[in-house]
Amino acid sequence: MKKPTQEQIIKFLKISNEVAQRAISLGHHPFGAVLVAPDHETVLLTQCNIDTVNHAESTLARVACSNYTPEFLWNCTLYTSVEPCCMCAGTIYWANIGRVVFAMTEEKLLACTANHGENPTMSIPASYVFKHGQKDIELIGPIEELEPEIMQVQAGFWATR
Numbered sequence: 007m008k009k010p011t012q013e014q015i016i017k018f019l020k021i022s023n024e025v026a027q028r029a030i031s032l033g034h035h036p037f038g039a040v041l042v043a044p045d046h047e048t049v050l051l052t053q054c055n056i057d058t059v060n061h062a063e064s065t066l067a068r069v070a071c072s073n074y075t076p077e078f079l080w081n082c083t084l085y086t087s088v089e090p091c092c093m094c095a096g097t098i099y100w101a102n103i104g105r106v107v108f109a110m111t112e113e114k115l116l117a118c119t120a121n122h123g124e125n126p127t128m129s130i131p132a133s134y135v136f137k138h139g140q141k142d143i144e145l146i147g148p149i150e151e152l153e154p155e156i157m158q159v160q161a162g163f164w165a166t167r
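If you're matching positions, the sequence shown starts at 7 in the numbering used here and goes up one per residue.
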């Protein structure tokens, strides 16, 4: 499976952060996900956070799974502003999306949210979830050069809640 270039990674992570900002404008938590086709250029889906059980990544994975074959999805890449939680990583696994790229770790998210009741993070990295499955899902991240702009959106949002 051909890997995305660093330029493509930056481009689609920035789009995922724009989708996260769209979530805020809709009254939701600031998380966004983008599904990109195997050509590393075509955006197939974008999804912002909806609520506590319909996260951007898990909702996108479910929609993708109902619209594309598992074989096709295995060659796609899901980009997300923040590392997928264990629920989202599990949904990505079952949807058969073969690569995930994230900008900021869930650990850094916890630094923004503290113990906020609306976002009780779990200290279970996506890598842990993927390592305990039977598929070799590629996980790329964190992408430190984008961390400041992702952190700005997250910290700004959670400071007002």
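Glycine included, C-beta positions come from ideal geometry on N, C-alpha and C.
Contact under 8 angstroms by Cβ, residue i with residue j
i, j, result
"V88", "L19", "no"
"E144", "G104", "yes"
"V159", "Y85", "no"
"A132", "P76", "no"
"H61", "C94", "yes"
"A29", "A70", "no"
Buried versus exposed, by CB contacts within 10 Å (16 or more), residue i
i, result
"Y134", "exposed"
"G147", "buried"
"H138", "exposed"
"E112", "buried"
"L50", "buried"
"L32", "exposed"
"A117", "exposed"
Inter-residue CB distance, residue i and residue j (contact presumed, cutoff 8 angstroms)
i, j, result
"E63", "I98", "6 angstroms"
"V25", "T52", "5 angstroms"
"I156", "I15", "Not a contact, Cβ separation roughly 13 angstroms."
"E153", "A109", "6 angstroms"
Residue i (DSSP reduced to helix, strand or coil)
i, result
"M110", "strand"
"S31", "helix"
"C94", "helix"
Using 8 angstroms as the Cβ pair cut-off and three pairs as the minimum, do the segment 27-37 and the segment 65-81 touch? No contact exists between the segment 27-37 and the segment 65-81.
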